[in-house]
Each structure stands twice: as structure tokens, then as C-alpha cells.
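Novice: Residues in the sequence shown are numbered from 333 upward in steps of one, following my numbering.
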Amino acid sequence: MPLPTLLTQHIARRPQRIALLQHVAEQGSITRAAKAAGISYKAAWDAIDELNNLASQPLVERSTGGRGGGGARLSAEGERVLRLYQRLQALQAQMLDAAEESSDLDLLGRLMLRTSARNQLQGQVSGLRREGRYDRVSLALGGGLEIEALITHDSTARLELTLGTMVVALLKAGWVRLLAEGEEAEAGSNCLRATVEEVLAEVDEPSEVRLALGNGQTLCAMAEADWLAEQQVRVQFHPSYVLIGIPA
Numbered sequence: 333m334p335l336p337t338l339l340t341q342h343i344a345r346r347p348q349r350i351a352l353l354q355h356v357a358e359q360g361s362i363t364r365a366a367k368a369a370g371i372s373y374k375a376a377w378d379a380i381d382e383l384n385n386l387a388s389q390p391l392v393e394r395s396t397g398g399r400g401g402g403g404a405r406l407s408a409e410g411e412r413v414l415r416l417y418q419r420l421q422a423l424q425a426q427m428l429d430a431a432e433e434s435s436d437l438d439l440l441g442r443l444m445l446r447t448s449a450r451n452q453l454q455g456q457v458s459g460l461r462r463e464g465r466y467d468r469v470s471l472a473l474g475g476g477l478e479i480e481a482l483i484t485h486d487s488t489a490r491l492e493l494t495l496g497t498m499v500v501a502l503l504k505a506g507w508v509r510l511l512a513e514g515e516e517a518e519a520g521s522n523c524l525r526a527t528v529e530e531v532l533a534e535v536d537e538p539s540e541v542r543l544a545l546g547n548g549q550t551l552c553a554m555a556e557a558d559w560l561a562e563q564q565v566r567v568q569f570h571p572s573y574v575l576i577g578i579p580a
């Protein structure tokens, strides 16, 4: 099976996202992997969050270690993706070994997606409902989690969305709100339970809060939330804030 041109372009643009997996495998920690890759600790976290969210299963397993780091290793899926990337790198524009399935190519395509949105969640269209000029799109994220996006009917048609279409849901960190204990979620909003993994404090600015969802995917929010470490919380965001992307 020939290597798709789009996939080759993605790998050429952002090979460091996959190459970071090699450093994690060799170094055994996020801090040391970031140093070996020549990037900041925060940039390494961002890349790993994106990789974990866009893969069908988390690629990196980690233990919380605060801002200074913590242990990290590749999951079985992460090792498989790294092997695939290494093969693609070696083969370049030649034929890919028939043992690899087309789903592997789709996976790498998702991992190389470039966007300004901080949160990227892989999902599958599980429902479509017309609401005037808009369509309410239900997305199954896996692990029993589901969110909704509200997009124009023209966007649904342009993206050719149908039941079963695999998409990436994009959501800026500033659009994710943490709900206080006992606070009711707004009617019609997405509301998910999450665990605070880490709080990256900023001076005179909202902190960056990393949140683990029940299905292994990660969300990032901006909040005044130093007290939230290791807490169970609820996150809320309106369906109109959810953008939908598909492979070009």
C-alpha cells in the first residue's frame, strides 16, 4: 500500500510529536524526555496530552510528580505507534509493509494535526439532530463519555458528517469551566467528571489545570484553582464552543 501524500506531509511538518515518544521510552520521565528533545517541560506535557487524546488509547502512562516531573513510560499502544513511525520514517515514500492496516495511517494523520485549540478529543459521530440553521452533533468519545457540538447545517454538509464518522473535537482551554462543589451545570451544556492531574501556576494569571477524563483522554482548563490538586471535579462547556475537524 503506497504511503499517502497527506500523511507524508504531516510527518514532515511535526515529526517531533512522535519522536518525543522515543525520548520518553529512553528517559523514563517527562522532565528528562523534554530536555533530550530540546523543548520545555510544558511543551512536552502539551504534546503528550495531544498524542494521548488523538490516539484510540493513551500512548504514554505517567505518575503525577508535580511541576518537577514524575515517572513516565510508553503504553503498549505507544510502543506500537513508535514502531510504526520508525518504519514510516525509514520507508519514506516507498511501499508500506502490508502488515500495517489503513487504520494505523489514520491514527498517525490525527496525531500530526496542527491547530491552535488546546484540547483535541477523538470521537465518533453518534447522533445528528437538525435545529433550525444548526445541527446538534453527538460525539462518542469512548469509555461511555459523550459530548455535543452545535455547528451550522452547512458545516455538517461540507464535512460530510454521518453516523459513524471519526472526527476530532477541538476546544480552547479558556472555554472549559470548572464547576464548584454543588454548582449546577447550565442547561444544554456538556458536563463531564474529571480528576485534576496537575495545576501549573502562573503569576497574576489563571493557572493551567490538566484534567483526566474517565476514558483516559485529557482536558486543559484555565482557572484560579491551586486548591484543586488531586480533586474530583466537573467541567462544563457549551456545545457551540466545540469545533469539529476531520482529515483533509
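Think of the CB as a built atom: it goes at the ideal place given N, C-alpha and C, for glycine as much as any other residue.
Tell me the DSSP bridge mates of residue 392?
Specialist: 406, per the DSSP bridge assignment.
Novice: Look up residue 572 in the DSSP assignment and say whether it is helix, strand or coil.
Specialist: The answer is helix: DSSP assigns residue 572 an H, G or I state.
Novice: Would you report the Cα separation of residue 513 and residue 368, rounded to the nearest angstrom?
Specialist: Looking at the two C-alpha atoms, the distance is approximately 41 Å.
Novice: Where does residue 493 fall in DSSP's three states?
Specialist: It is coil, neither helix nor strand.
Novice: To which residues does DSSP link residue 467 through a beta bridge?
Specialist: In DSSP, residue 467 forms a bridge with 462 and 483.
Novice: If you measure between the beta carbons of residue 555 and residue 541, is that distance less than 9 Å?
Specialist: Their beta carbons are under 9 Å apart, which means residue 555 touches residue 541 by this criterion.
Novice: Cutting at 8 Å between CB atoms, please list the residues of its own chain near residue 406, excluding the five before and the five after it.
Specialist: 353, 356, 357, 391, 392, 393 and 414.
Novice: Pull up the distance between the alpha-carbon of residue 389 and that of residue 564, whole angstroms please.
Specialist: Looking at the two C-alpha atoms, the distance is approximately 22 Å.
Novice: Report the rounded CA-to-CA distance for residue 552 versus residue 505, giving the unit in angstroms.
Specialist: The straight-line gap from Cα to Cα measures roughly 5 Å.
Novice: Quick check on the burial criterion: 16 or more other C-beta atoms within 10 angstroms. Buried or exposed for residue 486?
Specialist: Burial call: exposed.
Novice: Per DSSP, what kind of secondary structure is residue 522 in: helix, strand or coil?
Specialist: Correct three-state label for residue 522: strand.
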